[in-house]
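Here my numbering is used: the sequence shown runs in plain steps of one and ends on residue 317. Using N, Cα and C, we set each Cβ at its ideal position, and we do this for glycine too. Notes follow the structure.
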Amino acid sequence: MEIGEVLITADEIDAKLAEMGAAITRDYQNKDLLLIGILKGAFVVMADLARHIDLPVEFDFMAVSSYGSATKTSGVVRILKDLDQEIAGRHVLIVEDIVDTGLTLNYLLKNLAVRKPASLGLAALLIKDGIDRPPLDMKYEGFHIPPKFVVGYGLDFDGKYRNLPYIAVVDDSI
Ligand code: 5GP
């Protein structure tokens, strides 16, 4: 496996996160905002997006698994780590790295909605186009990308490449 074409550069990511952060800052004025990052992939986007949000936000994380080391979704979502706190009455924004089949977010939305937050929004850096998925009410989205397996900026291949500062396609043909 080799790293293929760079799809989105570090500068492009930063500019997009600045826009998303400004929109979040506007929308959640005077609201008590809790950001929930979905581990492991979203730790990078969470850290960089949060620094573009000019509000006293709080953080929590959930760890879920829907992929093994292969590049196809299993369709099964398991909670490996739940939230540390109650979210009843809180304004919650889920921060995700990438939406592929949407199974993970669909599961999480249902799981968190029953805990009665004041609001529940979704933010994702990457959305794969050309995928047949149930409609998701995405409040803040970064880039639409082709339905290819990508790495970098928190996204891994077999546990590696999360530290690349850009998003690149995986080239398995090499
Ligand atoms: P979904 O449930 O939307 O199919 O997939 C969500 C999760 O699958 C993402 O949070 C991410 O961990 C993983 N995933 C989906 N597409 C990709 C991809 O292109 N590259 C990598 N590294 N992970 C992906």
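- Residue environment: LYS159 is assigned as buried (16 or more neighbouring CB atoms within 10 Å of its CB, all protein chains considered).
- ILE222 counts as exposed, since fewer than 16 other beta carbons sit within 10 angstroms of its beta carbon.
- In the three-state scheme derived from DSSP, where H, G and I count as helix and E and B as strand, ALA153 is classed as helix.
- Boundaries of the alpha helix (DSSP H) around TYR250: 246 to 256.
- Counting other Cβ atoms within 10 Å of its Cβ, PRO277 stays below 16 and is therefore classed as exposed.
- The alpha-carbon separation between ILE237 and ALA266 amounts to approximately 6 Å.
- In this structure, GLU148 has its CB at a distance of at least 7 Å from all heavy atoms of ligand 1.
- If you draw a straight line from the Cα of ASP314 to the Cα of LYS303, it comes to about 14 Å.
- Inter-segment contact for the segment 286 to 293 and the segment 251 to 264 is absent: fewer than three beta-carbon pairs are separated by less than 8 Å.
- Rounded to whole angstroms, the gap between the alpha carbons of TYR283 and ILE181 is 15 Å.
- For the alpha helix (DSSP H) assignment, the uninterrupted runs of no fewer than 4 residues enclosed by the segment 157 to 203 are, from N- to C-terminal side, 186 to 193.
- Taking 8 Å as the cut-off, the Cβ atoms of MET205 and ILE179 count as close.
- If you look at GLU284, you'll find it in the beta strand (DSSP E) that goes 283 to 288.
- Beta-bridge annotation (DSSP): LEU269 is paired with ILE241 and PHE286.
- The continuous beta strand (DSSP E) containing ARG221 extends over residues 221 to 224.
- Under the three-state reduction of DSSP, LEU298 is assigned to strand.
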